[in-house]
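Engineer:
Numbering (my numbering), first residue to last: 4 to 244.
Next up, the structure:
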């Protein structure tokens, strides 16, 4: 989430994906005997059977829906910017001074991104994709929706508490920081290493503090909201396990 007066964006530094390897990689396959009776081989034990591949989009419907909504809103921003005198950023963005009269902006601001460059949108959506595909299968669609929207709202609360009352802020980074916070809670709960996610959070918080035009208030508010929601969702995770 960022002030509209200085377009920027959420910068993340995701780690590289390790390509899948095969136990036959690099081996000379010509020496392996062929099975002349394909149906005669015994079935492997259940524990040795790899999980069946699943369709990606079926596993992350909320993540894809948020990405689609943000993309559609950005296209509408372009259309209104080109063909009308209206600016969707000013109609949907959030400023603390508008809290009492137009509180719905605290949520709608999370689906609007900076214009005209797509960098802000693409960075946020790529980060949402990376974390959504990990969190949504764990949480399910309803908890994932609650986590993202609650974190967007938490980001707006942070802007209301510490931001300039007259400056509009836009962007999904409050919701994305909420995913960071929830991921930290879940990894710690399952006794995994929190170092990578802690480093990622720290880098992005420092970036928001140091770079002008980035609403660090939304980052902090979203992070806190996501962590709190993650704690509240832990019993549900145990039920799904």
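Beta carbons: idealized from backbone N, C-alpha and C, even for Gly.
Determine the DSSP secondary structure at residue 202, reduced to helix, strand or coil.
Structural biologist: Three-state DSSP puts residue 202 in a helix.
Engineer: Report buried or exposed for residue 192, applying the criterion of at least 16 other Cβ atoms within 10 angstroms of its Cβ.
Structural biologist: It is exposed - the Cβ of residue 192 has fewer than 16 other Cβ atoms within 10 Å.
Engineer: Which ranges does the alpha helix (DSSP H) cover as unbroken runs of at least 4 residues, wholly within the stretch 53-119, from first to last along the chain?
Structural biologist: Listed in chain order, the complete alpha helix (DSSP H) runs (minimum 4 residues) inside the stretch 53-119 are 59-62, 64-86, 91-95 and 108-111.
Engineer: Quick check on DSSP: helix, strand or coil for residue 217?
Structural biologist: Here residue 217 sits in coil by DSSP.
Engineer: So what does DSSP say about residue 209, is it helix, strand or coil?
Structural biologist: Helix at residue 209.
Engineer: Mind reading off the beta-carbon distance from residue 178 to residue 161? Whole number of angstroms is fine, and I expect it under 8 Å.
Structural biologist: Going by Cβ atoms, the distance from residue 178 to residue 161 rounds to 12 Å, so no, they are not a contact pair.
Engineer: On the criterion of 16 or more Cβ atoms from any shown chain inside 10 Å, does residue 47 qualify as buried, or is it exposed?
Structural biologist: Legend: pLDDT at residue 47 = 40, less than 50; position of this residue unreliable, value from coordinates given subsequently. By the 10 Å Cβ count, residue 47 comes out exposed.
Engineer: Looking at residue 99 and residue 168, is the spacing between their C-beta atoms short of 7 Å?
Structural biologist: Contact: yes.
Engineer: Give the straight-line distance between the Cα atoms of residue 80 and residue 228, rounded to the nearest whole angstrom.
Structural biologist: Computed Cα separation, rounded: 28 Å.
Engineer: Contact defined as beta carbons within less than 8 Å: I believe residue 184 pairs with residue 230. What is the distance between those atoms, to the nearest angstrom?
Structural biologist: About 3 Å separates the two Cβ atoms, so the contact holds.
Engineer: Where does residue 162 fall in DSSP's three states?
Structural biologist: Residue state, collapsed to three classes: helix.
Engineer: Within 10 angstroms of its Cβ, does residue 195 collect 16 or more other Cβ (buried), or is it exposed?
Structural biologist: Residue 195 comes out exposed.
Engineer: Taking the alpha carbon of residue 69 as the point to measure from, which residue in 127, 239, 141 and 97 has its own alpha carbon closest?
Structural biologist: Of 127, 239, 141 and 97, the residue nearest in Cα terms is 127.
Engineer: Just tell me which of 142, 153, 112 and 124 has its CA closest to the CA of residue 78.
Structural biologist: It is 124 whose Cα lies nearest to the Cα of residue 78.
Engineer: Need the endpoints of the alpha helix (DSSP H) that residue 124 sits in, please.
Structural biologist: 122-142 is the extent of the alpha helix (DSSP H) around residue 124.
Engineer: Determine whether the beta carbon atoms of residue 115 and residue 92 lie at a separation below 7 Å.
Structural biologist: Taking 7 Å as the Cβ cut-off, residue 115 and residue 92 qualify as a contacting pair.
Engineer: So, helix, strand or coil for residue 234, using DSSP?
Structural biologist: Looking at residue 234 - three-state DSSP - the assignment turns out to be helix.
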